[in-house]
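Participant: Chains as they are written, first to last, in the working numbering: chain Y, 1 to 258; chain E, 1001 to 1310.
Ideal placement from N, C-alpha and C gives every residue a C-beta, glycine not left out.
What you are looking at is a predicted structure, and each value in this text was computed from that prediction instead of being measured.
Written out as C-alpha cells, the structure is:
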C-alpha cells in the first residue's frame, strides 16, 4: 500500500518551509493529504500542496525534529508515500475567500487552482509573521487570485493578524464559500467573522496522526477522526467540538492545550 | 428477532459485539461513538501506569480488506489522565470495560485497582500484545505467568477480570486454563498474530518496530481454532476476537464456543456503523437457523465431529 518514490525537486518556499516534489500516480482531490515516510525516521501527515496528475508535492514547515529532517531531503532521496486520504474541498462555488495563516496555504493552494480553472474567482487573505514567510503569495497571484496580505510585524500589507483582513473582506464583499487553514485560533475567528452572512466556512484541520485509517484514535477530534472524517470540516460540524481551538492530543493521547 | 443480549463474565451486554481494545478507545468521545453506533460494550485502549507515546510511525500496514498489520507500541495517556475519557463514555451510557497492561503482577494489580474505580464494569488484562518490550506476550506467554498476573489482579479487585491471551504460543488453551485457575471470569482470544512486512526497495521492515501484529479477516480461522480449543478446556466464558467482519463470522465464533465477541479491524474498514449492521445481521441469521437466542448457539459445533477427537 505504500509507494517508494524518489524526490524529484526540493524548493525552499520561505525561510521556514520547503516543498518536496515527486511523481505519485494516485488520483487526489484538492484538500486531501498523504502520509510521508522518511525511512528510518517517522511518517507524517502532509497536505498535498501540489497535485497535477501524477505530479505531486508536499510543503513542510519546520516545527520539530522530523519535519526539520524532512526539509533536508534532497532531490533523488527516496521517501514512502501512502494515500491520498481524507475528504476534500468542493471547488464548485464561484466566489471563494481563502484565509490562510502560516503554512495553511499548503492545504488550500491546489483547491484554489482548481477553482480558478473552473472559472471561479478566488480572493486570498494571506497571513504570516513577516513578509518572507508569506507562503505561495506569487503562486496565488499567478493563478489569477487577488491576494490581500497581513503580517504580524507589518513588513508587508496590513500589520496584524490576517483575521482583520478576512473580517473586512467578509463585511464588504459577497462570497459563496470560505476556506481556511492555519492556527485554530485564527480559524475560529474566521468562523465568527462569517456568522450571519450565510456563507459556509470550511476548515482544514490538523492533528497528530498515526494510522490515517480511522483505527488508532490518535487524531480524535470530538466525535470525529481528522484522518477519515476530515481534514476538511464545515464550521457547523466543529461548533460543539470542545477541543477545537483549545486542545490537541500528543502521541500518547493526552489532551494538551494548543 | 432472535435475542442478542448475553451475560458474559458477570456482565450483561445488550448484544455480543464489543469494541476491541486498541481500536478507537483513546478518547471518550470515540468510545461513546462506538456505543452510540450499537456496540454491545466498549473496551478501552490498553492503559498503563504512565503516559506512553508508542512507537514512531510507520505503525501500520494494510492489505486490502484481508488484513492489517500494526505495531502501535501501546500508546496511551496513562491511568492518571485516562479516567476523564471513561467518564465521557459513561455519560453517554456506554458499558465500558477497562483494558490495562503492565510489566509484572504487582503493577497489574495496582493499575487494576485504579481502573476499577473509574466505573468500568470489568477489566481486560492485556497479556498478549505481540510487539511491546516488557509487556503483553512477554508477561503472558506462559501459563505460569498468566496465572500469576490474573491471581494478583483478582485478589485486588472485586469486578470481573477478563484475560486476553496470545495466539503466539503452542498452547493457547493452556494459557486460558491458567487464567481460569487464577480466577478470571472470562478469557478473550485472540490478540494479533505476530507478523512483519518488508519493503523490498528499501530493504527494511515497513513498521518502525519491525515486528507487529496481524489482525483482520486473514486471522479468523486461527482465532476460531483457539476459541474452539479453549472452549473444550475451560468452564469460564470465552470472548471470541479475530477477523470478524460479518454475521456469519460472528456465528462461527459463537458456535465454536464464544459467548461474546470483539470487533476491531472491521471498524477500520467499515467505520463504526459496522456494529449496527453486525447486530441486525446476526439476529436475522439466528432467526433463519432457528435459534431464539444467541446464547443458545454457544458451542453447538462441539460434539459434532465427523472424526472422533484425539
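Give me the subset of the stretch 39-63 of chain Y whose CB atoms are less than 8 Å from a CB atom of chain E, sorted by chain position.
Facilitator: Within the stretch 39-63 of chain Y, the qualifying residues are 39, 40, 41, 42, 43 and 44.
Participant: Is the stretch 148-157 of chain Y in contact with the stretch 121-134 of chain Y, if contact means three or more CB pairs nearer than 8 Å?
Facilitator: Yes, since at least three Cβ pairs between the stretch 148-157 of chain Y and the stretch 121-134 of chain Y fall closer than 8 Å, the two stretches touch.
Participant: Does the beta carbon of residue 1126(E) sit closer than 8 Å to a beta carbon anywhere in chain Y?
Facilitator: Closer than 8 Å: no.
Participant: I'd like to know whether the C-beta of residue 1027(E) is nearer than 8 Å to at least one C-beta of chain Y.
Facilitator: Answer yes: the Cβ-Cβ gap between residue 1027(E) and chain Y drops below 8 Å somewhere.
Participant: When the Cα atoms are used, what is the spatial distance from residue 233(Y) to residue 90(Y)?
Facilitator: Those two C-alpha atoms are separated by around 12 Å.
Participant: Between 83(Y), 169(Y) and 79(Y), which has its C-alpha nearest residue 122(Y)'s C-alpha?
Facilitator: When only C-alpha atoms are compared, the closest one is 169(Y).
Participant: What residues from chain Y crowd round residue 1202(E), counting only those whose CB sits closer than 8 Å?
Facilitator: Ordered by position in chain Y, the residues that pass the 8 Å Cβ test against residue 1202(E) are 4, 39, 78 and 80.
Participant: Please list the partners that residue 1072(E) has in chain Y, where partner means a Cβ-to-Cβ separation under 7 Å.
Facilitator: Within chain Y, the residues near residue 1072(E) are 210 and 216.
Participant: For residue 29(Y), which of 215(Y), 115(Y) and 141(Y) has the nearest alpha-carbon?
Facilitator: The residue with the shortest Cα to Cα distance from residue 29(Y) is 115(Y).
Participant: Return the CA-CA distance between residue 1201(E) and residue 253(Y), expressed in angstroms with no decimal places.
Facilitator: So the two alpha carbons sit approximately 33 Å from each other.
Participant: Whose C-beta lies closer than 8 Å to the C-beta of residue 10(Y) among residues of the same chain, with five residues either side of it excluded?
Facilitator: 18, 19, 20, 21, 73, 74 and 75.
Participant: In the DSSP output, what is residue 1164(E) paired with across the bridge?
Facilitator: Bridge partners of residue 1164(E): 1126(E) and 1188(E).
Participant: Residues of chain E with a CB under 7 Å from the CB of residue 254(Y): which are they?
Facilitator: Within chain E, the residues near residue 254(Y) are 1051, 1077 and 1081.
Participant: So for residue 1255(E), helix, strand or coil by DSSP?
Facilitator: Note: residue 1255(E) maps to helix in three-state DSSP.
Participant: Check each residue of the stretch 1136-1158 of chain E: if its Cβ is closer than 9 Å to any Cβ of chain Y, include it; give the result in chain order.
Facilitator: Taking 9 Å as the Cβ-Cβ cut-off against chain Y, none of the residues of the stretch 1136-1158 of chain E qualify.
Participant: For a quick check, are the C-beta atoms of residue 1098(E) and residue 1072(E) less than 8 Å apart?
Facilitator: No, the Cβ-Cβ distance between residue 1098(E) and residue 1072(E) is not below 8 Å.
Participant: In this structure, how does DSSP classify residue 1135(E) when only helix, strand and coil are distinguished?
Facilitator: Of the three classes helix, strand and coil, the one that applies to residue 1135(E) here is coil, per DSSP.
Participant: In three-state DSSP terms, what is residue 1121(E)?
Facilitator: Residue state, collapsed to three classes: coil.
Participant: Please list the residues of the stretch 14-32 of chain Y that have a C-beta atom closer than 9 Å to any C-beta atom in chain E, keeping them in chain order.
Facilitator: So nothing in the stretch comes that close.
Participant: Please report how far the alpha carbon of residue 1123(E) lies from the alpha carbon of residue 1117(E), in whole angstroms.
Facilitator: Each residue's Cα considered, the two are about 11 Å apart.
Participant: Using a threshold of 8 Å, state whether the C-beta atoms of residue 1103(E) and residue 1075(E) are closer than that.
Facilitator: Contact: no.
Participant: To which residues of the same chain is residue 104(Y) closer than 6 Å at the C-beta, ignoring the five residues directly before and after it?
Facilitator: Result list for residue 104(Y): 181 and 182, in chain order.
Participant: Sort 1132(E), 1127(E), 1138(E) and 1134(E) by Cα distance to residue 1184(E) and report the nearest one.
Facilitator: Nearest of 1132(E), 1127(E), 1138(E) and 1134(E) to residue 1184(E), Cα basis: 1127(E).
Participant: Which residues, in chain order, does the stretch 219-231 of chain Y contribute to contact with chain E at a C-beta distance below 9 Å?
Facilitator: Under the 9 Å Cβ criterion, the stretch 219-231 of chain Y contributes 220, 221, 222, 223, 224, 225 and 228.
Participant: Which same chain residues, not among the five before or five after residue 211(Y), have their C-beta less than 6 Å away from its C-beta?
Facilitator: Excluding positions up to five away in sequence, the list is empty.
Participant: Using alpha carbons as the reference points, say which of 1159(E), 1078(E) and 1195(E) lies closest to residue 1216(E).
Facilitator: Nearest of 1159(E), 1078(E) and 1195(E) to residue 1216(E), Cα basis: 1195(E).
Participant: With distance defined between alpha-carbon atoms, name the residue in 238(Y), 225(Y) and 216(Y) nearest to residue 1057(E).
Facilitator: The option with the nearest alpha carbon to residue 1057(E) is 216(Y).
Participant: Leaving out the 5 sequence neighbours to the left and right, which residues in its chain are closer than 7 Å to residue 25(Y) when beta-carbon positions are compared?
Facilitator: Excluding sequence neighbours, residue 25(Y) sits near 54.
Participant: I need the boundaries of the alpha helix (DSSP H) containing residue 1115(E), first residue and last residue.
Facilitator: It spans 1105-1116 - the alpha helix (DSSP H) in which residue 1115(E) sits, taken as one unbroken run.
Participant: Does the CB of residue 1066(E) have a neighbour CB from chain Y at under 8 Å?
Facilitator: No, because no Cβ of chain Y sits closer than 8 Å to the Cβ of residue 1066(E).
Participant: Which residues in the same chain as residue 194(Y) place their Cβ atom closer than 6 Å to its Cβ, once the five residues preceding and following it in sequence are excluded?
Facilitator: Within the same chain, residue 194(Y) has close Cβ partners 170, 178 and 201.
Participant: Taking only beta carbons into account, state which residues of the stretch 1034-1046 of chain E come closer than 9 Å to chain Y, listed in chain order.
Facilitator: So the list reads 1036 and 1045, given in the order they occur along the chain.
Participant: Would you mind reading off the limits of the beta strand (DSSP E) that contains residue 73(Y)?
Facilitator: Taken as a continuous stretch (DSSP letters only), residue 73(Y) belongs to no beta strand (DSSP E), as it is neither H nor E.
Participant: Check whether chain E comes within 8 Å of residue 238(Y), counting only Cβ atoms and requiring the distance to be less than that.
Facilitator: Taking Cβ atoms only, chain E never reaches closer than 8 Å to residue 238(Y), which makes this a no.
Participant: Using a Cβ-Cβ cut-off of less than 7 Å, give me the residues of the stretch 1207-1237 of chain E that come near chain Y, in sequence order.
Facilitator: Under the 7 Å Cβ criterion, the stretch 1207-1237 of chain E contributes no residue.
Participant: Shorter than 8 Å from the beta carbon of residue 1054(E) to some beta carbon of chain Y?
Facilitator: Interface residue, yes.
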